[in-house]
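Enquirer:
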Amino acid sequence: MSEFEVFETFAGGRIKAWVKGVTVEDAAREQLENVAGLPFVHSHLAVMPDVHFGRGATVGSVIPTKGAIIPAAVGVDIGCGMMAVRTSLTANDLPDSLSAVRSEIERKVPVGNGPGGNHKDTPARAASALRRSGLDTRLEVILAKHKRVKRAKFATQLGTLGGGNHFIELCLDEADRVWVMLHSGSRGTGNILGTYFIQEAREALEKRVLGYHVPDKDLAFFVEGEDLFDDYTMAVGWAQDYARLNR
11 MSEFEVFETF AGGRIKAWVK GVTVEDAARE QLENVAGLPF VHSHLAVMPD VHFGRGATVG
71 SVIPTKGAII PAAVGVDIGC GMMAVRTSLT ANDLPDSLSA VRSEIERKVP VGNGPGGNHK
131 DTPARAASAL RRSGLDTRLE VILAKHKRVK RAKFATQLGT LGGGNHFIEL CLDEADRVWV
191 MLHSGSRGTG NILGTYFIQE AREALEKRVL GYHVPDKDLA FFVEGEDLFD DYTMAVGWAQ
251 DYARLNR
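To get the numbering used here, take the position in the sequence shown, counting from 1, and add 10.
#1: Along the chain, where does the beta strand (DSSP E) that runs through residue 26 open and close?
#2: Per DSSP, which one or two residues make a beta bridge with residue 189?
#3: Using a Cβ distance threshold of 8 Å, determine whether the segment 225-239 contacts the segment 72-79, with at least three qualifying pairs required.
#4: Spatial neighbours of residue 208 within its chain, please: CB distance less than 7 Å, with the 5 preceding and 5 following residues excluded, ordered by chain position.
#5: From the DSSP output, which residues share a beta bridge with residue 79?
#6: What residues in its chain sit with their C-beta under 6 Å from that of residue 9, if we drop five residues either side in the sequence?
#7: Locate the alpha helix (DSSP H) running through residue 45, then write down its first and last residues.
#8: I need the boundaries of the alpha helix (DSSP H) containing residue 198, first residue and last residue.
#9: Alpha helix (DSSP H) containing residue 60: first to last residue?
#10: Just the Cα atoms here: how many angstroms apart are residue 226 and residue 183?
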């Protein structure tokens, strides 16, 4: 028996969904059909069990495109992801209460999206990592071309967690070895870049002459070969590298 379902949309799109036993809300289904029907979606749209309504594109979907890219489908927390590192500790090395450990983590790692979510001053280790990475120079190239992009304090946000569903967690593996796992992203600058290019795609869509209907303005896209396509992929690459360095 197949682990997924395949169905066709009214617009001729193809969806492969791993959602058996999962209730998919009507609004999410409508979004999936909207995306799958776009002519630049390659092969099929894939849907994961965590599927739910999103901005233009459905959260929990995988959208392979050919010759175009949808900024709203990428989102504004560009490059968010997970990382884990195994420590030299075992479960026996941990105290009965982890409250002191948590307090120390919170003291060292700023949490949240407000002013308290940044370092007051860029830590020496973060400043050194930024210099080696070349991220500051790469960002200046993007900002020079897109002067309406607001500047965020990406240096003081390096090594910070952010908000939402981002977390730091102590874990044990099958051998009772201690791991540190975290989920974080590209922080304020990634959000600013994502938001800016989503709006640029909307404005570009209004000027396009298309032979088909785009059912949602949040499915606005850039076409390969356009300057905005190249600039956006450059910005996404920057945010992904920043997010990785942040973790």
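No residue lacks a Cβ here, since even glycine has one placed at the ideal position from N, Cα and C.
Expert: In this structure, then:
#1: For residue 26, the uninterrupted beta strand (DSSP E) run begins and ends at 24-27, by DSSP.
#2: Residue 189 is bridged to 96, 181.
#3: Contact between the segment 225-239 and the segment 72-79 is present: 3 or more CB-CB pairs across the two stretches fall below 8 Å.
#4: Apart from the 5 residues on each side of it in sequence, residue 208 sits with its Cβ closer than 7 Å to the Cβ of 81, 82 in its chain, given in chain order.
#5: Among the bridge pairs identified by DSSP, residue 79 is matched with 232.
#6: Outside the displayed range of the chain (11 to 257) lies residue 9, so it cannot be described from this structure.
#7: Here the alpha helix (DSSP H) through residue 45 covers 36-46.
#8: Its alpha helix (DSSP H) spans residues 197-217.
#9: Per DSSP, residue 60 lies in no alpha helix (DSSP H) segment; the continuous beta strand (DSSP E) that holds it begins and ends at 55-62.
#10: Distance between the alpha carbons of residue 226 and residue 183: 44 Å.
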